[in-house]
Amino acid sequence: MPLVSVVMPVHNSAATLGASVRSVLAQTHADVELLVTDDASTDGSWDLLQELARQDERVRPQAAPEQGGAAKARNLAMARAQGEYVAFLDSDDMWLAQKLERQLAFAAEGDAPLTFTSYYKVAGDYEGEACDFTSNGRLIEAREFVTYRDMLVQDHIGALTAMYDRKLLGTRLMPDMPKRQDYALWLSIMRDGHPARGLREPLAVYRSGRAGSLSSNKLALVEHNWRLYREHEHLSALRSTRALAGAAWHSVRKSRI
Numbered sequence: 729m730p731l732v733s734v735v736m737p738v739h740n741s742a743a744t745l746g747a748s749v750r751s752v753l754a755q756t757h758a759d760v761e762l763l764v765t766d767d768a769s770t771d772g773s774w775d776l777l778q779e780l781a782r783q784d785e786r787v788r789p790q791a792a793p794e795q796g797g798a799a800k801a802r803n804l805a806m807a808r809a810q811g812e813y814v815a816f817l818d819s820d821d822m823w824l825a826q827k828l829e830r831q832l833a834f835a836a837e838g839d840a841p842l843t844f845t846s847y848y849k850v851a852g853d854y855e856g857e858a859c860d861f862t863s864n865g866r867l868i869e870a871r872e873f874v875t876y877r878d879m880l881v882q883d884h885i886g887a888l889t890a891m892y893d894r895k896l897l898g899t900r901l902m903p904d905m906p907k908r909q910d911y912a913l914w915l916s917i918m919r920d921g922h923p924a925r926g927l928r929e930p931l932a933v934y935r936s937g938r939a940g941s942l943s944s945n946k947l948a949l950v951e952h953n954w955r956l957y958r959e960h961e962h963l964s965a966l967r968s969t970r971a972l973a974g975a976a977w978h979s980v981r982k983s984r985i
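If you read the sequence shown in my numbering, its first letter stands for residue 729, the second for the next number, and so on.
Structure (structure tokens):
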């Protein structure tokens, strides 16, 4: 039964943090360490984290020395990881109770060190627990197999569902980018020759359209994708343009569904 290190960045998430943490602690695969980095919150998130840690020793909070953004917060958590696997969950999303159990079994069946799952997408003002979202959620289905080329056109991996095998990959940190740092991590893993496999079973709940969400402004993501292609992936201007065009087409198709 492998230990799973769950990485959670927190910044002013007191309203949703409790539900997110409880969804990790309620996993049927209980051998987890929840590595939480508080990124200079001012809303009581740190006090709540300390209380949650007193209630369950698997919660391991750390205060960042200064506000540095999601990538630095995640990397501080990953630097403390002791698990064989690293999984990711933001402080306003949730897992279903069998998420880790099902995904670990799935990972053991294949040869891909990076796995992900389907998930439900709910409105940003959703305040329920992971178990009572059914009437509000829209299913986002995982692809069964994703290559580096597929990922250049579209990020097919929901970060709240991603898990990588630390035994095979070592500790893989995220580049220090204001947005798309999770996307950049998946690309770097797959660029090294490791495909990703998707479990077509919804095992997480994502809140969409949240005020201040890094992913809420779709137009801004075009600029960040361009920088990702050019500065992180070192693609040519032509190949970057083609990737952006493909991403735009996929975005239009998704909006019509």
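By construction, the Cβ of each residue, glycine as well, lies at the ideal position given by its N, Cα and C atoms.
Can you tell me whether residue i is buried or exposed, with buried defined as 16 or more other CB within 10 angstroms of its CB?
| i | result |
| --- | --- |
| A810 | Position check: residue 810 holds Gln in this sequence, whereas Ala was assumed. Looking at its Cβ environment, which holds fewer than 16 other Cβ atoms inside 10 Å, Q810 is exposed. |
| S741 | buried |
| L817 | buried |
| S964 | exposed |
| G886 | buried |
| H884 | buried |
| T875 | exposed |
| T744 | buried |
| M902 | buried |
| A833 | exposed |
| D1065 | In the structure displayed, the chain extends from 729 to 985; residue 1065 sits before or after that span and is not available. |
| L966 | exposed |
| R908 | buried |
| D904 | exposed |
| R782 | exposed |
Looking at the secondary structure, which residues open and close the beta strand (DSSP E) in which residue i lies?
| i | result |
| --- | --- |
| S751 | Premise fails: S751 lies in the alpha helix (DSSP H), A742 to L753, not in any beta strand (DSSP E). |
| D893 | M891 to D893 |
| D766 | V760 to D766 |
| M736 | V732 to V738 |
| R782 | From DSSP, R782 is part of no beta strand (DSSP E) but of the alpha helix (DSSP H) over S773 to Q783. |
Looking only at its chain, what residues have a beta carbon closer than 6 Å to the beta carbon of residue i, apart from the 5 residues adjacent to it on each side?
| i | result |
| --- | --- |
| D784 | L753 |
| E872 | G926 |
| T969 | none |
| A890 | F816 and F844 |
| D910 | A887 |
In chain order, what residues of the same chain lie with their CB nearer than 8 Å to the CB of residue i, ignoring the 5 residues before and after it?
| i | result |
| --- | --- |
| V850 | F861, N864, G865, R866, V933, Y934, R935 and S936 |
| G746 | L776 and L780 |
| P730 | D759, G811, E812, Y813 and L832 |
| R919 | Y876 and E961 |
| L915 | Y876, M879, L880, L956, H960 and E961 |
| G713 | The structure shown does not extend to residue 713, since the chain spans only 729 to 985, so no value can be given for it. |
From residue i to residue j, what distance separates their C-alpha atoms?
| i | j | result |
| --- | --- | --- |
| V749 | S819 | 8 Å |
| Q795 | S751 | 26 Å |
| Y892 | A912 | 14 Å |
| A807 | A971 | 32 Å |
| S941 | P906 | Caution is warranted here: a pLDDT of 45 is assigned to S941, below 50, making its placement in the model unreliable, and the coordinate value is therefore given only provisionally. Taking the straight line from one Cα to the other gives about 12 Å. |
| I917 | H960 | 13 Å |
| S846 | L828 | 13 Å |
| R958 | G974 | 16 Å |
| R830 | L931 | 9 Å |
| G921 | K895 | 16 Å |
| A870 | R928 | 5 Å |
| L762 | M822 | 13 Å |
| V881 | P841 | 21 Å |
| L888 | L956 | 20 Å |
| S733 | W954 | 31 Å |
| A768 | A799 | 14 Å |
| H952 | H757 | 36 Å |
| V950 | G898 | 31 Å |
For residue i and residue j, which I take to be in contact (beta-carbon distance under 8 Å), what is that distance rounded to the nearest angstrom?
| i | j | result |
| --- | --- | --- |
| V804 | A815 | Correcting the residue identity first, residue 804 is Leu in this sequence and not Val. Incorrect: roughly 16 Å between the Cβ atoms, too far for contact. |
| A835 | Q755 | That belief does not hold up - the Cβ atoms of A835 and Q755 are roughly 15 Å apart, past 8 Å. |
| Q790 | V760 | Rounded, the Cβ-Cβ distance is 16 Å, inconsistent with contact. |
| P738 | R802 | Note that residue 738 is Val in the sequence shown here, rather than Pro. Not confirmed; about 11 Å, so no contact. |
Cutting at 7 Å between CB atoms, please list the residues of its own chain near residue i, excluding the five before and the five after it.
| i | result |
| --- | --- |
| G838 | R925 |
| D771 | N740 and A742 |
| W774 | D766 and A791 |
| Q1055 | Lying before the first or after the last residue shown, residue 1055 is absent from the chain, which here runs from 729 to 985. |
| R786 | L753, V760, E761 and L762 |
| P923 | A840, F873, V874 and T875 |
Cβ of residue i less than 8 Å from any chain D Cβ?
| i | result |
| --- | --- |
| I868 | Checking the listed chains, one finds no chain D in this structure; it contains a single protein chain. |
Looking at the unbroken alpha helix (DSSP H) that takes in residue i, where does it start and where does it end?
| i | result |
| --- | --- |
| I917 | Q909 to R919 |
| Y848 | Y848 -> not in any alpha helix (DSSP H); beta strand (DSSP E) instead, spanning L842 to A851. |
| L832 | K827 to E837 |
| L880 | Y876 to V881 |
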